[in-house]
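**Student:** Mind having a look at this structure? Questions to follow.
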Amino acid sequence: MRRMKFTLYFANAPAPRGVAPEQLERLLPVRFSTMEDALHGAALVIRGGQYPWLIEGPDVRLDAREIGKRCETILGLIKGSQ
184 MRRMKFTLYF ANAPAPRGVA PEQLERLLPV RFSTMEDALH GAALVIRGGQ YPWLIEGPDV
244 RLDAREIGKR CETILGLIKG SQ
């Protein structure tokens with residue numbers, strides 16, 4: 184079984200500029216084994232009308248803005264397949 188190394192935090196409201204640890208404690212973390220899976224999960228969160236706040240993993244910390252940029256291609260593929 185693979186270890187779930189990457190954590191996606193999301194909410195139904197946009198992320199604040201600086202996310203404090205106590206804010207993350209109130210969110211439900213979703214764990215993924217790869218960065219690609221975490222980004223795909225974030226794209227589905229965006230598509231569902233919610234907001235990814237943060238992805239954390241080994242040597243990785245992506246804020247909401249960076250997640251949005253990296254999900255553009257995935258969202259284009261999802262939209263194109265419909």
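If you count the sequence shown from 1, position 76 lands on 259 in our numbering, and the numbers rise without skipping.
Ideal Cβ positions, reconstructed from N, Cα and C, are used throughout, including at glycine.
1) Tell me the DSSP bridge mates of L191?
2) Write down the C-beta distance between A203 and Q233 rounded to the nearest angstrom, noting that I regard them as a contact closer than 8 Å.
3) List the DSSP bridge partners of V243.
4) Let me know the secondary structure DSSP gives R230 once reduced to three states.
5) Quick one: Cα of R200 to Cα of I250, how far?
6) Please identify the residue among L191, R244 and H223 whose C-alpha is closest to the C-alpha of C254.
7) Closest by CA to A198, which one among L210, F189 and M187?
8) On the CB-based measure, 16 or more other CB atoms within 10 Å of its CB, does A225 come out buried or exposed?
**Tutor:** So, from the data block:
1) DSSP lists V213 and I238 as partners of L191.
2) At roughly 20 Å, the Cβ-Cβ gap does not stay under 8 Å, so A203 and Q233 are not in contact.
3) G240
4) Reduced to three states, the DSSP call for R230 is helix.
5) Spanning the two alpha carbons is a distance of roughly 13 Å.
6) H223
7) L210
8) buried
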